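According to this note's numbering, the sequence shown holds residues 1 to 731 in order.
Worksheet: the structure to be examined is printed underneath.
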Amino acid sequence: MQNFSQQPEDRLTNWAAPTRPPLEGPESLQSSEEELRQAYDRLTFHVENFPLGAIEWDCAMGVKRWSSQAEQILGWKAAEVMGIPRQKWPCNYPEDEALVAEAVSRLIEGEESHNVICHRNYTKTGEVIWCEWHNSALLDETGYPISILSLVQDITEQKQAELERDQLISKIDRQNQTLEALVQERTAELARTVERLEIEIARREQRDRQFSAIAANLPGVMYRAIVRTDGRITVPFISDGIEELTGIDPMDAMGDLWGLFGRVHPDDREGFRERIASLSGIQQPREHQEFRIISASGELKWVQDNTHYTWMENGDVIADGVMLNISDRKQAEEAMRQQVERERLLGAIAQRIRQSLDLTTILSTTVEEVQQVLGCDRVLVYRVWADGTGSAIAEAVKPGWLKVLNRVFPEEVFPPENYQRYIEGRICALVDRDSGQTLPCLVEFMKSIEVRAKLVVPIVEKDTLWGLLIAHQCSGPRQWQGWEIDLLASLATQLAIAIQQSELYERLQVELSDRKKAQCQIKASLEEKELLLKEVHHRVKNNLQVISSIFSLQSSYIEEPRILSILRDSQNRIASMALIHEKLYHSDTLAKIDFNDYIESLTSNLFSCYNVSLQKVRLKLHIENVSLNLDTAIPCGLLLNELVSNSLKHAFPNDGSGTIFIELTAQPNQQLNLIVRDTGRGLPEGLDFKKTNSLGLRLVRALTRQLRGTLDIENSHGACFQITFPSPQSL
Numbered sequence: 001m002q003n004f005s006q007q008p009e010d011r012l013t014n015w016a017a018p019t020r021p022p023l024e025g026p027e028s029l030q031s032s033e034e035e036l037r038q039a040y041d042r043l044t045f046h047v048e049n050f051p052l053g054a055i056e057w058d059c060a061m062g063v064k065r066w067s068s069q070a071e072q073i074l075g076w077k078a079a080e081v082m083g084i085p086r087q088k089w090p091c092n093y094p095e096d097e098a099l100v101a102e103a104v105s106r107l108i109e110g111e112e113s114h115n116v117i118c119h120r121n122y123t124k125t126g127e128v129i130w131c132e133w134h135n136s137a138l139l140d141e142t143g144y145p146i147s148i149l150s151l152v153q154d155i156t157e158q159k160q161a162e163l164e165r166d167q168l169i170s171k172i173d174r175q176n177q178t179l180e181a182l183v184q185e186r187t188a189e190l191a192r193t194v195e196r197l198e199i200e201i202a203r204r205e206q207r208d209r210q211f212s213a214i215a216a217n218l219p220g221v222m223y224r225a226i227v228r229t230d231g232r233i234t235v236p237f238i239s240d241g242i243e244e245l246t247g248i249d250p251m252d253a254m255g256d257l258w259g260l261f262g263r264v265h266p267d268d269r270e271g272f273r274e275r276i277a278s279l280s281g282i283q284q285p286r287e288h289q290e291f292r293i294i295s296a297s298g299e300l301k302w303v304q305d306n307t308h309y310t311w312m313e314n315g316d317v318i319a320d321g322v323m324l325n326i327s328d329r330k331q332a333e334e335a336m337r338q339q340v341e342r343e344r345l346l347g348a349i350a351q352r353i354r355q356s357l358d359l360t361t362i363l364s365t366t367v368e369e370v371q372q373v374l375g376c377d378r379v380l381v382y383r384v385w386a387d388g389t390g391s392a393i394a395e396a397v398k399p400g401w402l403k404v405l406n407r408v409f410p411e412e413v414f415p416p417e418n419y420q421r422y423i424e425g426r427i428c429a430l431v432d433r434d435s436g437q438t439l440p441c442l443v444e445f446m447k448s449i450e451v452r453a454k455l456v457v458p459i460v461e462k463d464t465l466w467g468l469l470i471a472h473q474c475s476g477p478r479q480w481q482g483w484e485i486d487l488l489a490s491l492a493t494q495l496a497i498a499i500q501q502s503e504l505y506e507r508l509q510v511e512l513s514d515r516k517k518a519q520c521q522i523k524a525s526l527e528e529k530e531l532l533l534k535e536v537h538h539r540v541k542n543n544l545q546v547i548s549s550i551f552s553l554q555s556s557y558i559e560e561p562r563i564l565s566i567l568r569d570s571q572n573r574i575a576s577m578a579l580i581h582e583k584l585y586h587s588d589t590l591a592k593i594d595f596n597d598y599i600e601s602l603t604s605n606l607f608s609c610y611n612v613s614l615q616k617v618r619l620k621l622h623i624e625n626v627s628l629n630l631d632t633a634i635p636c637g638l639l640l641n642e643l644v645s646n647s648l649k650h651a652f653p654n655d656g657s658g659t660i661f662i663e664l665t666a667q668p669n670q671q672l673n674l675i676v677r678d679t680g681r682g683l684p685e686g687l688d689f690k691k692t693n694s695l696g697l698r699l700v701r702a703l704t705r706q707l708r709g710t711l712d713i714e715n716s717h718g719a720c721f722q723i724t725f726p727s728p729q730s731l
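Rendered as structure tokens:
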């Protein structure tokens with residue numbers, strides 16, 4: 001790098017020095033200008049290719065030259081900054097402006113011919129960079145500055161390195177300052193650590209003594225096993241409880257782990273072996289396992305092994321565990337399982353009994369369920385017959401064993417003298433037929449049906465031995481457990497209930513069948529009576545018509561009008577009763593009459609009898625859907641006959657016209673309301689119908705009393721008769 005301490009004039013003289021002696025005259029001047037131009041070109045070339053950016057300022061601090069390296073460092077092109085005063089430069093960094101102004105002032109004032117300053121600048125992209133500026137001033141003969149040349153270099157990376165170096169030195173200084181204090185503190189901490197270790201050793205010795213005492217009194221076995229990376233297993237500790245649990249001395253157990261394996265139940269040894277073999281690859285931090293062992297005394301015990309694993313840095317696995325004797329719990333669980341199974345089976349049988357009264361289905365289900373629960377070879381229900389013999393009426397048997405279903409057993413197999421003992425609750429639990437506790441004849445019989453052991457429970461129904469529930473073991477002797485005996489006894493009680501219900505159901509079926517037969521007989525008898533009543537109504541109607549015909553025949557011999565009127569009224573009354581019997585004869589039921597149809601037929605007959613035209617006297621009916629029985633229909637029909645006849649005879653004299661209204665309605669209080677009114681001339685003035693001698697009115701009052709009703713008469717715009725009486729349903 002060139003020496004920038006030289007004056008600018010000297011540098012220009014050196015760069016533009018001629019290479020041959022100077023000439024004189026015009027030619028000499030022309031040659032000097034050429035050499036000067038070449039020197040300027042060389043200077044420009046060197047400035048543009050110099051690794052530092054070159055910037056020339058005029059005396060007003062405006063930019064005169066801006067090299068390509070300056071453009072690369074600061075980002076602005078020459079055209080963008082030419083003539084701009086330094087104070088308005090976009091690359092100025094405000095916080096370093098005072099430093100720059102002071103350096104420029106020293107050059108302009110002539111205090112320095114050159115200087116070097118480092119400060120921050122902005123690039124065109126807005127980035128902040130560190131630059132190193134080499135500044136020199138070109139002065140005239142009077143010392144006035146002509147221009148200033150600045151060479152700029154990007155030293156951002158250098159500044160960053162210096163900053164990191166300063167930070168590192170500062171950090172080292174701080175560490176050096178605290179080192180002595182740290183050493184002193186570490187020394188004091190080491191002393192305290194030694195003291196704590198001594199205390200900890202004492203505590204551990206005390207805990208070891210306590211641990212040994214706890215391990216000795218713990219109801220189980222504590223141990224530590226180490227699984228080496230080469231597969232070896234060592235037992236550095238095992239508590240004295242191992243001797244009580246297995247009969248193995250603790251020292252022997254620590255020396256020979258496989259000695260414990262010999263105490264494991266044969267059915268559990270394979271799983272125990274696989275567990276030990278897989279300890280080196282164990283993944284779970286905790287493990288629980290249950291297995292059986294046989295102690296030195298031959299006692300079977302259940303053991304629960306709870307192990308916690310710790311992985312060491314050298315690859316070894318430490319297994320810390322506790323083995324507990326859980327035989328009592330297993331016995332309780334087994335007892336609970338048996339109880340649950342017993343209750344389940346009893347519940348299933350009870351549910352079957354509630355769902356079905358079919359004794360065959362209940363017995364078949366029972367023997368199948370018992371055979372599966374007990375796991376015995378055969379279960380059967382033995383029925384005791386009245387002649388002393390018996391047979392198996394339900395059976396569940398394993399494949400390969402003899403079936404005895406429906407086989408009749410001779411009387412000597414179960415003699416009657418044993419009945420009472422079974423009724424009193426005797427249960428026979430035979431472990432082995434060859435034990436000498438059974439009569440020879442029964443032994444031979446048991447051999448014939450392949451039975452070695454049996455459990456017999458009586459089924460007692462109403463103090464009578466109905467049969468036996470029997471479990472057979474054919475493959476060999478069997479020690480029957482208490483829960484098995486209790487199960488069969490409970491099931492026998494349930495079966496007794498099922499038998500009683502089934503027999504009751506059969507009796508009810510017989511009674512129901514008898515009742516259906518009786519109902520059929522009653523129905524046939526009712527049909528016969530109904531047919532007879534229809535015939536009676538038909539004959540009564542015919543007889544009434546015969547009487548009506550006799551009246552009609554008699555009236556042909558009578559000429560007196562008053563007697564003819566009496567005969568005609570009697571004939572109409574007989575016709576009204578005959579019409580009721582005719583309606584009953586044609587009705588679907590003999591208990592009720594459709595009164596709407598009856599009134600239409602009755603009024604039609606009356607209009608025809610009195611030769612009244614419906615064109616002259618209109619008839620308006622308002623009859624609700626009312627049905628009357630015979631006791632109500634006859635008096636009600638006679639009432640209608642009297643009242644309508646009275647209107648037809650007297651309400652419209654001299655062939656007059658008008659309307660007759662008939663209403664029959666049901667009232668809310670179980671009353672019926674019958675109204676017969678007309679628009680005729682009405683009743684005579686001053687008529688007291690309670691004391692009248694008129695046969696018709698006397699009949700109306702008598703018929704009203706027969707209906708248990710009330711009679712109201714109005715005589716306004718015609719006669720109106722209103723009879724209110726109880727409905728037949730309310731009587």
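From the three backbone atoms N, C-alpha and C, an ideal C-beta is built for every residue, glycine too.
These numbers were taken from a predicted model, which means no experiment stands behind them.
What residue range is occupied by the uninterrupted beta strand (DSSP E) comprising residue i?
i: Asn673; result: 671 to 678
i: Gln153; result: 145 to 154
i: Met446; result: No beta strand (DSSP E) contains Met446, which is instead part of the alpha helix (DSSP H) from 440 to 448.
i: Val413; result: No beta strand (DSSP E) holds Val413; DSSP gives it neither H nor E.
i: Ala78; result: Taken as a continuous stretch (DSSP letters only), Ala78 belongs to no beta strand (DSSP E), being part of the alpha helix (DSSP H) at 78 to 81.
i: Glu663; result: 658 to 667
i: Ile459; result: 453 to 460
Could you round the C-beta distance between residue i and residue j to whole angstroms and report it? I think they count as a contact, below 8 Å.
i: Asp154; j: Cys131; result: 6 Å
i: Pro477; j: Val431; result: 5 Å
i: Gly680; j: Ala719; result: 7 Å
i: Lys454; j: Ala471; result: 7 Å
i: Leu664; j: Ile623; result: 5 Å
i: Ile449; j: Leu402; result: 6 Å
i: Gly110; j: Leu138; result: Rounded, the Cβ-Cβ distance is 12 Å, inconsistent with contact.
Along the alpha helix (DSSP H) that carries residue i, what are the first and last residues, could you check?
i: Pro250; result: 250 to 255
i: Ser604; result: 595 to 609
i: Gly53; result: Where Gly53 is concerned, there is no enclosing alpha helix (DSSP H), although the beta strand (DSSP E) it sits in stretches over 53 to 58.
i: Cys636; result: 630 to 646
i: Ala392; result: Where Ala392 is concerned, there is no enclosing alpha helix (DSSP H), although the beta strand (DSSP E) it sits in stretches over 390 to 397.
i: Thr361; result: 359 to 374
What three-state label does DSSP hand residue i in the structure shown?
i: Thr187; result: helix
i: Ser716; result: coil
i: Lys517; result: helix
i: His538; result: Because His538 sits at a pLDDT of 48, beneath the cut-off of 50, its placement in the model cannot be relied upon, and the following sentence gives the value as read from the coordinates. In this structure, His538 counts as helix in the three-state DSSP scheme.
i: Pro219; result: coil
i: Phe725; result: strand
i: Ile326; result: coil
i: Ala386; result: coil
i: Arg165; result: helix
i: Leu711; result: strand
i: Ala471; result: strand
i: Asn176; result: helix
i: Gly62; result: strand
i: Arg292; result: strand
i: Leu74; result: helix
i: Glu287; result: strand
i: Thr142; result: coil
i: His622; result: strand
* Asked: Do the region 293 to 313 and the region 337 to 347 meet, that is, are 3 or more Cβ pairs less than 8 Å apart?
  -> no
* Asked: Is the number of C-beta pairs between the region 414 to 428 and the region 393 to 406 that are closer than 8 Å three or more?
  -> Too few Cβ pairs lie closer than 8 Å, so no.
* When the Cβ atoms of the region 487 to 502 are set against those of the region 361 to 374, are three or more pairs found closer than 8 Å? -> yes
* **contact_flag[the region 483 to 492, the region 435 to 446] where n(CB pairs < 8 Å) is 3 or more** => no
* Are three or more beta carbon pairs between the region 169 to 179 and the region 75 to 91 nearer than 8 Å? -> no
* **Stretch pair the region 509 to 523 + the region 374 to 384: three plus CB contacts closer than 8 Å** => no
* Asked: What are the complete alpha helix (DSSP H) segments, minimum 4 residues, inside the region 80 to 138?
  -> 97 to 108
* **Cβ contact check for the region 322 to 329 and the region 219 to 236: 3 or more pairs under 8 Å** => yes
* Segment contact, 8 Å Cβ cut-off, at least three pairs: the region 261 to 274 with the region 182 to 195 -> no
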